[in-house]
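Written out below as structure tokens is the structure these notes cover.
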Amino acid sequence: MADKQLTVGSTFTAGIWSENPVLRLLLGMCPTLAVTTGVKAALTMGLSVIFVLICSNLVVSLMRNLLKPHLRIMMFTLTIATFVTIADLFLKAYLPDMSAKLGPYIPLIIVNCIIICRAESCASKNGPWISVIDGLAYGIGFTVVLCVLASIREILSTGKIFETVQVMPGGFVPWAGMAMPVGAFVTLGLMLGLVNLVTKKKA
Amino acid sequence: MSSKIALFFRESWLLMISSVFFGGLLAITNTAWAPKIAQNEINKFNNLARLLLPTAEKFEPLQEKITLELKGGKSVMDFGGGKSIEADVRKGLDASGNCVGWAFVCEGSGFADKIKLVVAADAQFKTLLGFGVLNSNETPGFGDKINIKDGFYQAQFKGIPAASLTLSKFGDDKKIDSEIIAITGATVTSQSVLNILNQFVEPIHKQLTENNLIHP
Amino acid sequence: MEYMEHIVLVFISIVLINNLVFTKFLGCCPYLGVSGRLDMAFGMGLAVTFVTTLAGTLTWLIDHLFLLGTALEVTRYVCFILVIAGAVQLVEMYLRKFFPTLYEAFGIFLPLITTNCVILGLCLFLNLWQVNDILMAVVLSFGAGIGFTMAICIMAGIRENLALADVPECLQGAPITLITAGLLTLAFMGFAGMIK
Numbered sequence: 000m001a002d003k004q005l006t007v008g009s010t011f012t013a014g015i016w017s018e019n020p021v022l023r024l025l026l027g028m029c030p031t032l033a034v035t036t037g038v039k040a041a042l043t044m045g046l047s048v049i050f051v052l053i054c055s056n057l058v059v060s061l062m063r064n065l066l067k068p069h070l071r072i073m074m075f076t077l078t079i080a081t082f083v084t085i086a087d088l089f090l091k092a093y094l095p096d097m098s099a100k101l102g103p104y105i106p107l108i109i110v111n112c113i114i115i116c117r118a119e120s121c122a123s124k125n126g127p128w129i130s131v132i133d134g135l136a137y138g139i140g141f142t143v144v145l146c147v148l149a150s151i152r153e154i155l156s157t158g159k160i161f162e163t164v165q166v167m168p169g170g171f172v173p174w175a176g177m178a179m180p181v182g183a184f185v186t187l188g189l190m191l192g193l194v195n196l197v198t199k200k201k202a
Numbered sequence: 000m001s002s003k004i005a006l007f008f009r010e011s012w013l014l015m016i017s018s019v020f021f022g023g024l025l026a027i028t029n030t031a032w033a034p035k036i037a038q039n040e041i042n043k044f045n046n047l048a049r050l051l052l053p054t055a056e057k058f059e060p061l062q063e064k065i066t067l068e069l070k071g072g073k074s075v076m077d078f079g080g081g082k083s084i085e086a087d088v089r090k091g092l093d094a095s096g097n098c099v100g101w102a103f104v105c106e107g108s109g110f111a112d113k114i115k116l117v118v119a120a121d122a123q124f125k126t127l128l129g130f131g132v133l134n135s136n137e138t139p140g141f142g143d144k145i146n147i148k149d150g151f152y153q154a155q156f157k158g159i160p161a162a163s164l165t166l167s168k169f170g171d172d173k174k175i176d177s178e179i180i181a182i183t184g185a186t187v188t189s190q191s192v193l194n195i196l197n198q199f200v201e202p203i204h205k206q207l208t209e210n211n212l213i214h215p
Numbered sequence: 000m001e002y003m004e005h006i007v008l009v010f011i012s013i014v015l016i017n018n019l020v021f022t023k024f025l026g027c028c029p030y031l032g033v034s035g036r037l038d039m040a041f042g043m044g045l046a047v048t049f050v051t052t053l054a055g056t057l058t059w060l061i062d063h064l065f066l067l068g069t070a071l072e073v074t075r076y077v078c079f080i081l082v083i084a085g086a087v088q089l090v091e092m093y094l095r096k097f098f099p100t101l102y103e104a105f106g107i108f109l110p111l112i113t114t115n116c117v118i119l120g121l122c123l124f125l126n127l128w129q130v131n132d133i134l135m136a137v138v139l140s141f142g143a144g145i146g147f148t149m150a151i152c153i154m155a156g157i158r159e160n161l162a163l164a165d166v167p168e169c170l171q172g173a174p175i176t177l178i179t180a181g182l183l184t185l186a187f188m189g190f191a192g193m194i195k
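Residue numbers (numbering that gives the first Met the number 0), protein chains in the order written: chain A, 0 to 202; chain B, 0 to 215; chain C, 0 to 195.
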């Protein structure tokens with residue numbers, strides 16, 4: 000990764016498709032499964048992750064030459080935890096409903112493997128500019144998957160999207176199971192299977 | 000010895016400096032947003048309470064302390080057993096400053112997580128005017144039906160006597176009395192709401208009367 | 000006596016009924032990633048149990064001694080994660096020096112554990128559930144670790160047998176693991192509401 004010339008375009012295709020954090024690398028499963036009962040919650044989560052990812056990548060990349068190997072993880076978690084707290088305070092101040100809904104899953108962004116993985120494999124080796132782009136790309140990749148999963152689950156479990164717009168016809172009986180943990184696991188499993196099928200056809 | 004200290008600082012200066020820097024950053028954001036966060040909480044309470052007590056203009060915290068002892072359940076999120084807490088009771092005042100009712104916060108364990116409710120009662124504390132949900136995380140599609148404003152479950156609480164409530168699985172949900180009909184598939188949640196109300200309503204009523212705050 | 004009963008019930012409840020993996024999706028990364036072989040899964044489970052018990056107790060103490068009710072509450076997440084990262088590193092060094100056999104058994108999992116959400120999640124839930132009793136905090140932390148070990152071992156047991164099953168090609172690997180996990184959560188929902 001490091002010796003290959005990184006460009007904006009290649010970073011974006013990697014983050015959104017070929018190295019998509021959820022679909023390909025299976026990182027960040029905990030929020031992916033937990034907050035996807037509704038599109039609104041998933042979008043808020045995704046945007047918070049993008050914010051934290053960009054900020055932490057930027058800071059880590061700026062101090063990459065000063066890092067001591069055995070204190071590296073310590074520094075990463077410290078940086079990430081700070082930005083997560085800021086995101087949490089922001090949500091509490093401006094989107095109190097969403098903050099209540101996401102509850103402990105916002106602080107749990109700290110241990111979202113995507114962020115520490117990008118800090119380790121990209122930001123600690125590259126300059127600030129490419130690290131920020133990298134954060135944005137992987138963050139968008141994460142958000143897109145979250146939103147797709149959430150819309151499937153929300154439409155099937157309530158018949159509506161964004162909590163208000165009715166999508167399904169009147170006679171539709173909501174599948175309560177889709178809103179429960181089992182719906183999250185099975186839908187994501189089938190999504191991964193579908194992605195495998197598509198990539199295999201292309202190859 | 001001094002070389003050890005030097006080594007210690009050489010290894011960890013970055014950690015220390017960044018701790019100070021990040022600490023400062025957090026302090027700044029917190030001071031900037033803390034008032035707004037506190038205001039949000041008050042607004043949320045007021046909005047819910049106003050739906051239940053439409054005549055109230057504002058809600059005023061009480062001077063007197065209302066304390067009650069929690070019985071506590073056996074579930075994993077219920078650690079209140081035997082602990083006495085201070086209840087958050089507010090007086091609903093209309094535009095000319097007359098007391099039109101009471102609103103208070105109740106909480107306890109639900110099915111999946113804690114449930115936090117706002118409950119309103121009339122000025123004499125004879126009847127309950129219903130409840131609103133401040134915070135809950137019940138099963139979507141089942142337990143979270145307690146959250147539907149004026150839905151079948153919430154509507155059963157409007158105008159019932161402020162006394163002990165019982166749950167029933169069958170019966171007439173239109174009849175307004177102390178027998179509440181459970182939500183199908185969410186008996187535990189329905190029971191939890193009753194338990195929470197039963198635990199809070201009576202002690203608060205008693206202490207308000209003792210403090211001569213209820214004027215007939 | 001009643002207190003003992005409460006402690007036992009809380010323990011059962013965090014292991015079976017409110018199992019963090021099945022009801023809160025915590026610890027899904029290792030649950031799906033390290034559950035390929037039973038012995039590995041068991042090692043990971045033990046390492047997590049060890050660290051959660053330590054970290055849960057420590058963060059509870061820090062929360063109650065320094066943070067609660069003061070302006071420092073805003074630094075809660077930072078403190079928690081630093082305690083966890085520090086505890087993991089200390090445990091790693093200690094084991095390597097004094098218990099080399101134990102270190103070989105689960106030492107390789109230790110660096111992974113810092114980013115295991117079970118641990119931070121539990122520390123946050125101790126705060127959310129307003130646990131105000133140190134013994135209860137210890138029991139909950141230990142129970143959460145045991146619950147995680149149980150979940151990951153069940154999963155590993157199933158996956159070892161799954162290797163022999165005829166799974167459609169595109170569902171092999173991660174997808175079928177996720178679907179299995181979904182069915183497991185469905186089974187564990189049977190425990191829900193057992194203790195009121």
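Here a beta-carbon is modelled for each residue, glycine too, at the ideal position from N, C-alpha and C.
| Query | Result |
| --- | --- |
| Burial state of R152 of chain A, where buried means 16 or more other Cβ atoms lie within 10 Å | buried |
| Contact list for I182 of chain B against chain A, beta-carbon separation under 9 Å | What I182 of chain B touches in chain A: nothing, since even the nearest Cβ is about 12 Å away. |
| Proximity test, I203 of chain B beta-carbon vs the ligand ZN heavy atom, cut-off 8 Å | This structure simply doesn't include the ligand ZN, nor any ligand for that matter. |
| Separation of L19 of chain C from A150 of chain C, as counted between CA atoms | 9 Å |
| When A:G176, A:V144, A:V143 and A:L88 are compared against G158 of chain A, the one with the closest alpha-carbon | A:G176 |
| Cβ distance (whole Å) where W59 of chain C is taken to contact A136 of chain C below 8 Å | 4 Å |
| Outcome for D2 of chain A when other beta-carbon atoms lying within 10 angstroms are tallied against a minimum of 16 | Per-residue confidence for D2 of chain A stands at a pLDDT of 43, beneath the threshold of 50, marking its modelled position as unreliable; the derived number appears in the next sentence. Exposed, by the Cβ-count rule. |
| Residues of its chain near D219 of chain B, where Cβ-Cβ distance is below 7 Å and the 5 sequence neighbours each way are ignored | Absent from the structure is residue 219 of chain B, since the part of chain B shown begins at 0 and ends at 215. |
| Straight-line Cα distance separating F124 of chain B from H204 of chain B | 7 Å |
| CB contact below 9 Å: F50 of chain A versus chain C | no |
| Closest Cα partner of T163 of chain A within the set A:S150, A:G170 and A:W174 | A:S150 |
| Chain C contact for M0 of chain A (CB, 9 Å cutoff) | Here M0 of chain A scores only 43 on pLDDT, less than 50, and its place in the model is too uncertain to base an answer on. |
| Host alpha helix (DSSP H) of C27 of chain C (start-end) | C27 to G32 |
| Within 7 Å of chain A by C-beta, residues of the stretch 8-38 of chain B in sequence order | E10, S11, L13, L14, S17, S18, F21, L24, L25, T28, N29, W32, K35 and I36 |
| For E168 of chain C and K201 of chain A, the rounded distance between their alpha carbons | 15 Å |
| Whole-angstrom distance between L139 of chain C and I159 of chain B, CA atom to CA atom | 39 Å |
| Residue burial classification, H5 of chain C (beta-carbon count within 10 angstroms, cutoff 16) | buried |
| Contact set for L148 of chain A: own chain, Cβ-Cβ below 8 Å, skip 5 residues either direction | T31, T35, A41, A183, T186, L187 and M190 |
| At least 3 beta-carbon pairs within less than 8 Å: the stretch 46-61 of chain C vs the stretch 109-121 of chain C | yes |
| Contact set for M0 of chain A: own chain, Cβ-Cβ below 7 Å, skip 5 residues either direction | Model confidence at M0 of chain A stands at a pLDDT of 43, short of 50, so the residue's coordinates are unreliable and nothing is read from them. |
| Beta-carbon proximity check, T56 of chain C vs L66 of chain C, cutoff 9 Å | no |
| Distance between I41 of chain B and K248 of chain A (C-alpha atoms, nearest Å) | Residue 248 of chain A is absent from the structure shown; chain A starts at 0 and stops at 202. |
| With 16 other Cβ atoms within 10 Å as the buried cut-off, status of L155 of chain A | buried |
| C-beta atoms of G140 of chain B and P173 of chain A nearer than 9 Å | yes |
| Sub-9 Å separation of A46 of chain C and I72 of chain A beta-carbons | no |
| Same chain, Cβ closer than 7 Å to N19 of chain A, neighbours up to 5 away in sequence not counted | G140 and V144 |
| Coarse secondary structure for P99 of chain C, derived from DSSP in three states | helix |
| Closer than 7 Å at the beta carbon, the chain A residues around L185 of chain C | V181 |
| Run of the beta strand (DSSP E) containing N134 of chain B, from where it starts to where it stops | T126 to N134 |
| F7 of chain B and V118 of chain B closer than 9 Å at C-beta | no |
| CA nearest to the CA of F161 of chain A, picked from A:V38, A:T78, A:I79 and A:I129 | A:V38 |
| Pairwise C-alpha distance: G32 of chain C and L107 of chain A | 19 Å |
| Cβ contact check for the stretch 7-27 of chain A and the stretch 25-41 of chain C: 3 or more pairs under 8 Å | yes |
| Members of the stretch 32-59 of chain A near chain C, C-beta cut-off 8 Å | L32 and A33 |
| Classification of Y2 of chain C by the beta-carbon crowding that lies within 10 angstroms, buried from 16 upward | exposed |
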